[in-house]
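Residue numbers (my numbering), protein chains in the order written: chain A, 2 to 112; chain B, 17 to 130. Every residue gets a Cβ at the ideal spot worked out from N, C-alpha and C, and that includes glycine.
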Amino acid sequence: EDQVTQSPEALRLQEGESSSLNCSYTVSGLRGLFWYRQDPGKGPEFLFTLYSAGEEKEKERLKATLTKKESFLHITAPKPEDSATYLCAVYNAGNNRKLIWGLGTSLAVNP
Amino acid sequence: DAGITQSPRHKVTETGTPVTLRCHQTENHRYMYWYRQDPGHGLRLIHYSYGVKDTDKGEVSDGYSVSRSKTEDFLLTLESATSSQTSVYFCAISEKSGSKNEQFFGPGTRLTVL
């Protein structure tokens, strides 16, 4: 069964303390992996798409990487405004427009 | 920000009443989606549309219907609301399908069914 698992469920960091969030997946024929950020009471906000193992993308303090089994979202020197839930979703060849979503990692960055 | 609005933003209704949620976009994107988000389940696709009058079911479509008579509007209807449909509903749009399926989300509607 196609599945996306995110870990940890929750993470608390001090401002400036770098860390990584994990998104592991078991899908056949990965065609794309998406990262989103969601603030409380708001809709998810698109961050990155990764298509193949070895690919990396960066945006400010965030860097997403992809292997054949998982993706990491690295957060370098986070600030309190990086506090949010980070969601991962995958698209595979058999799902035809439907994304498979993880449950997210809730990140809190303390000043 | 993508031009997506949802209405109403909050609604409280009673079991058995019909409810319609509206999603409106100004981006002229072809694809539109309705999701619900619940603790422990994440985002689950209810229905989606791949063009005017072209819709298909998602993974949790029972009890819901949709309509898309114009590119910019996608309506979600709960014919007879139940307490299990209490949730936060998100509309999303995308320009392309497949691996380029970068979806952009609206602000959500919080629905409570008493």
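S84/A sits in coil when the DSSP states are folded into three classes, being neither helix nor strand. When only Cα atoms are considered, E46/A and R126/B end up about 18 Å apart. By the criterion of at least three beta-carbon pairs nearer than 8 Å, the segment 71-82 of chain A is not in contact with the segment 21-31 of chain B. Membership of L74/A in the beta strand (DSSP E) is indicated by the continuous run E71 to I76. For S29/A, there is no enclosing beta strand (DSSP E), since its DSSP letter is neither H nor E. In chain B, no part has a C-beta under 9 Å from the C-beta of K58/A; the shortest such distance is about 12 Å.
Only buried fits D83/A, as 16 or more other CB atoms lie within 10 angstroms of its CB.
When Cβ-Cβ separations below 9 Å define contact, P9/A makes no contact with chain B. Within chain B, the residues placing a beta-carbon under 7 Å from that of W102/A are G58 and L59, ordered along the chain.
Per DSSP, K116/B lies in no beta strand (DSSP E) segment and is marked neither H nor E.
Note that the segment 93-112 of chain B touches the segment 65-83 of chain B; at least 3 beta-carbon pairs, one per stretch, sit closer than 8 Å. K60/A sits close to L48/A, with the two beta carbons spaced by under 9 Å.
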